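Residue numbers (the working numbering), protein chains in the order written: chain S, 17 to 173; chain P, -11 to 274; chain E, 74 to 476.
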Amino acid sequence: MLFSTWKKRLLTVVAIAIAITGAMTPVIAGPPQPAKGRGDKCVADTEWMRRNHMTALHHKRDDTVHEGVRTKTFSLTGCIDCHQVAGTDGRAVTVADPKHFCRTCHDYTAVSVDCFQCHASRPGDPVTTGSADSGHHPPGAAADIAALDRYLKEVGR
Amino acid sequence: MIAKADEANGGCGAGCSCATRASDAGEATATTRTVEGADPVDVGRRWFMKAATAFSTTVIAPGVTLMAFAESDPAIARPADQPVSSKHRFGLLIDLAKCPSGCSDCVTACSTENGWKLNGRPETDAQWIRKLTVTNRKDGSSFSLPMMCQHCADPPCVDVCPTGASFKRADGIVLVDKHICIGCRYCMMACPYKARSFIHEPLEDQKPHAPRGKGCVESCTMCVHRVDAGGTPACVEACAKAGHSAMIFGDLNDPASEIAKRVATYRTTRIRDDLGTDPGVYYQNL
Amino acid sequence: MARITFQRLEDHSTLFWGLLGLHALIVALGLGAAYYMEHHGHVVTGMNNAVVWGMPHVFAVFLIVSASGALNVASISSVFNKLAYKPFARLSGILAIALLVGGLIVLVLDLGRPDRLTVAMTTYNFKSIFAWNIYLYIGFIAIVGVYLFTMMDRGVSQTPTATRTVGWLAFGWRLALTTGTGSIFGFLVAREAFDSAIMAPLFIAASFLYGLAFTVLVLFTMCRETRQMLMGEEMIQSFRGLMIVFSFALLYFTAVKHLTSLYASEHHGVEAFILRDGGIYTALFWIGHVLVGNILPIAILAFGSGEARPFSERQAMTIASVLALMGGLAFMYVTIIGGQAYPLNLFPGMETSSSFLDGEVARYAPSLPEVMLGVAGISIAMLVVGIAIKVLPFLPRGESVTA
C-alpha cells in the first residue's frame, strides 16, 4: 500500500516535470534563428563569422581606437547597421530586446558580452563630419586588402 | 597584394572554395616566416591573418577603388585603411576676441555630437567641454573661454595610466581606450585641466560613433571620428555656424595650415604652459 | 634566552570566535556594498568628478602603508639582528601580508570596472607609478611569503643566512613599496597638495607607526586569547620606545612638508586651506592627525604609565596604538581627500568658475556603502590573520618568550 502511494507520487512528479519541460520547449527548441542581415551577404562567409567574429571585432577595435583605421569590414557599427531588427515602434530594437541579432545566439549559448555597455546596439542617425562625407562607412574593400597585405608582409618579414 | 589575392582566388568573383586557396597562400607566407626563424611570430595574429585573407578574397571583388574624400580637407584626409601618422599634430586655436561670453554653442554641439548630457548633477555628470569664466581678483575684470582636453604632447594622464588605456595617438589626439580602462581614475588625479569625467551611472542610447559607458573615464576626443574622415570637430563647426569662427582646427605640423600660420604670426597662450605638457590647444587674445 | 617555541591557536575563547564572526560579518557587508556600487555606478558613493578617490582609497592606502610597517618587527629581528624581536617576526610577516591583501581588495573593488582585473594584471604601461606599484605589491607578498618560509621551515630556519638574506630583501622591498605608495601622490604635478618628493618619506614614517600599532594590538589580543604573557616587560618597553620615535618621525616629516609649502607663495592657497580654512580637513589635520594621531600617543606613552600614573604599561600601549591608527585614518583623509578638494589652479592668480565647478572647493560626503567597503578591508586583514594563526604556528609560546 505504502509502496503504491510512493509510486503515485513519483508519477505525479514525473508528469509535472514533463509538463514543465513541455511548456519550456519552445524557448529552447532547436538552434537560434537570428534575423537576416540587409544586403546580399555578410562581409565574410557565415560559417567563418560564426566562429571568428569575436576575433575579427577584437582585432578591428584596436586598429580603430589606436590607429584610426576605420574600414567598414568588421566595424561593429557596420554589423549593427546590417543586422538591425525592426521593433514594434518601427525603430531598430536595442540589445534589451531578445530579438536583437546578437542576443539570439548569445542568449542561446549563454555567452555574455559587454560590448553594449558602451557601444550603441542599434544604428544611430547618419554621421556628419563637418566637411567630409560619412566617413566611417567607406566601401573599403581595397583598403582592407591593402591592410591585409601589410599584415602579411609583417608576418612574412 | 591585390594581384596576389587575385592569384590566390584564381581571379574568380567569389565562392567558398576559393577561401581554402587563399588560406593556403596565407599559410605559405607564414611558413616562410617560421623557417626564417627571426622574431617570434604572433600566433594569434597570424591565425587571424590566415582567416582574414580567406574571407577577404572570398567576398571582396577585386578592383574596387579607394573611396574619394570628395569634400574633406586634402591636407588632412587619409584613406580609411591607413593608420594615423605622426606627420600630423592636430590641434585647436581659439580666438577669445571672437568668443562671446554668453555663447555656448560649442558646448551644445559637443553634447549633441557625442551624446553626453547634464542630468542636473554637476558633481557627477560628464562634461567634455565647458565655458570657463576667469576673473581677475584685483580688478574684477573677467573673460570666458571654452575649456576641454588640451591634447598635450606630454600628457600626464597617459603617463600615470596603469594599463595604457589613456593614450596619445600618433597624430597627437589624446584618447581613452575604454576597452582596457579599469576605471581607477588616476588620470583624473593627474590631469592639470580637470578635463576628464568618470561615468558614474549606467548609460543608454549612446551614439554609435561615441561609445561611452559606466565605470570608465572619458574626455574630449577632438571628434576623432570626424577627424578620421577628414572633417572638423563639432565644436569648431558650431562656432563657425554661429558666425563667430573663433575656433579653428588643423594640423600644427603643417606650416601651410591656417592654424600653424596663426600660431606663428600671433601671440598665443596655452593654459598652464609652465607645466611643460605642450598642449595642442592654443588661445589667442587671452 | 631559552629556545623559542611556537604555537598554533587552539582552545578558542568566545572572544576569538566573536571577533572572527564580527569580521566575517563586516566583510560580507563590505562585499555587498561593493556589489551595490558596481551595479549602480559610483553615483551611489560620495565620489565625483573632482574628488575621484574617496573613502575606499583612504582605507586602502592606510592598509597598504600599514602593511609595510607591520614588517618592522621581523626586519628588526633579522636585519638588525635583535634576538628579542624574533618571537614576533612570524606574526609580523603574516600581518604584513594580511594588511596588504585587505587594502588591495578594497582598491580593486572600488574600480569602475572591477571585472577587468585581468586587464590590470596583463596590460601594463611601464611609465605609470601605479603599474610599478602592482609589481611592488605582488613582489611584497611573494618575498614576505618566502621570508616566512625561511623562518618557519624546520630545515631552512637552521641556516640563519637564508633568513638574513631574505630579511634584507624584504626590508628593501618594503621601503620601495611605501616609496611607491607615497609617489602615487608625489608624482602628480598638477595637484598642489601632493606634488612633492617628500610624500615618499612621509608615507614611510607613517608606515612605521601604523604598522607597529597594528602589530601591538594583534599581540595584545593574542595575549588575552592564549592567556599567556607573549611579551615580557622589556619587550613592551622596546615597543613603547619605538612607537614614540616613529611618531616623532611622522610629525617631523609632516612639519617639513608643510613648512616647505608655506615658504613658497605659490602654495599659500593650498596650505591655508589645509591648515586654516578647510573646515573638516583642517580639523582632521590638527585634531585627527597631529593631536590624536601623534601628540596624545606620545604623551600617554611617555608620561601616562607607571607607578602613580593613570595607566599600566599595557593599557598605555593599547590606547596609544588605537589613537595612532585613528589618527592614521584622519591623516589619509586629509591627504587624499583634502588634496583633491582643493581646486586645480588653471589660471594662477585668477579666479575660475564654470558649470563643472571649477575653482570651487569640491564637496564630498562619504556614503555608507563606500565606508562599508573601506572598513571591510581592515576586517579582511584581521580575518586572514585570525585564520592563519589558527592553521600555522605564527605565535610564540608565552613561556618560551618570557622565561
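Think of the CB as a built atom: it goes at the ideal place given N, C-alpha and C, for glycine as much as any other residue. These numbers come from a predicted model, not from an experiment.
For P/Asp239, the uninterrupted beta strand (DSSP E) segment begins and ends at Met235 to Asp239. Taking a beta-carbon distance threshold of 8 angstroms, P/Gly90 does not count as an interface residue toward chain E. When only Cα atoms are considered, P/Asp61 and E/Leu180 end up about 47 angstroms apart.
In the DSSP annotation of this structure, E/Ser141 is not part of any beta strand (DSSP E); the continuous alpha helix (DSSP H) holding it starts and ends at Met128 to Ala143. Taking a beta-carbon distance threshold of 8 angstroms, E/Ile453 does not count as an interface residue toward chain P. Bridge partners of S/Ala102 according to DSSP: S/Ala108. Of the candidates E/Ser150, E/Ala266, E/Gly305 and E/Leu209, the residue whose Cα lies closest to the Cα of E/Ala414 is E/Ala266. Using a Cβ-Cβ distance cut-off of 8 angstroms, the region 250 to 266 of chain E and the region 369 to 389 of chain E are not in contact, since fewer than three pairs of beta carbons, one from each stretch, lie closer than that value. The CB of E/Gly114 comes closer than 8 angstroms to the CB of Ile187, His188, Glu189, Pro190, Lys202 and Gly203 in chain P, given here in chain order. Cβ-Cβ separation between E/Gly240 and E/Val152: approximately 5 angstroms, consistent with a contact (criterion under 8 angstroms). The three-state reading of DSSP puts E/Pro160 in helix, counting H, G and I together.
Under a criterion of Cβ atoms nearer than 7 angstroms, the residues of chain E adjacent to P/Asn124 are, in order, Met423. One Cα belongs to E/Trp246, the other to E/Ile214, and the distance between them is close to 10 angstroms. Scanning chain E for C-beta atoms nearer than 9 angstroms to the C-beta of P/Cys179 yields Ala263 and Leu417, reported in chain order. Contact between the region 103 to 121 of chain E and the region 333 to 345 of chain E is absent, with fewer than three C-beta pairs closer than 8 angstroms. Taken through DSSP and simplified to helix, strand or coil, E/Phe312 comes out as helix. By the beta-carbon neighbour count (other beta carbons within 10 angstroms, threshold 16), E/Val365 is buried.
Annotated three-state conformation of E/Leu419 is coil, per DSSP.
The alpha-carbon separation between P/Asp69 and P/Phe78 amounts to approximately 19 angstroms. If you look at P/Phe131, you'll find it in the beta strand (DSSP E) that goes Ser130 to Met136. Pairing E/Tyr210 with E/Gly284, the inter-Cα distance amounts to about 16 angstroms. In the DSSP assignment, P/Arg118 falls outside any alpha helix (DSSP H) and within the unbroken beta strand (DSSP E) covering Ile117 to Asn124.
Put simply, the CB of E/Tyr197 is near chain P, with a gap under 8 angstroms to one of its CB atoms.
E/Glu424 is a Cβ neighbour of P/Thr123, given a cutoff of 8 angstroms. Residues are counted here when their Cβ sits less than 9 angstroms from a Cβ of chain P; for the region 75 to 90 of chain S these are His75, Arg77, Asp78, Asp79, Thr80, Val81, His82, Glu83, Gly84, Val85, Arg86, Thr87, Lys88, Thr89 and Phe90, given in chain order. P/Asn102 sits buried, since 16 or more C-beta atoms from the chains shown fall within 10 Å of its C-beta. Interface annotation, E/Val219: not in contact with chain P, CB-CB separation never under 8 angstroms.
Of E/Val474, E/Arg470 and E/Gly450, the smallest CA-CA separation from E/Ile170 is found for E/Gly450. The alpha carbon of P/Gly203 has as its nearest neighbour, out of P/Gly160, P/Asp159, P/Pro190 and P/Thr209, the alpha carbon of P/Pro190.
Taking 8 angstroms as the cut-off, the Cβ atoms of P/Arg173 and E/Ser428 do not count as close. Among the residues of the region 138 to 164 of chain P, those with a Cβ less than 9 angstroms away from any Cβ of chain E are Pro144, Val146, Asp147, Val148, Cys149, Pro150, Thr151, Gly152, Ala153, Ser154 and Phe155, in the order of the chain.
Listed by position along chain P, the residues whose Cβ is nearer than 7 angstroms to that of E/Ile211 form an empty set, because the closest Cβ is around 13 angstroms away. A straight-line Cα-Cα distance of about 24 angstroms links E/Phe319 and E/Cys296.
In this structure, DSSP gives E/Thr78 a state outside helix and strand, which the three-state scheme calls coil.
DSSP places E/Glu433 outside both helix and strand once states are collapsed to three, so it counts as coil. For S/Gly140, the nearest beta carbon of chain P is closer than 8 angstroms to its own beta carbon.
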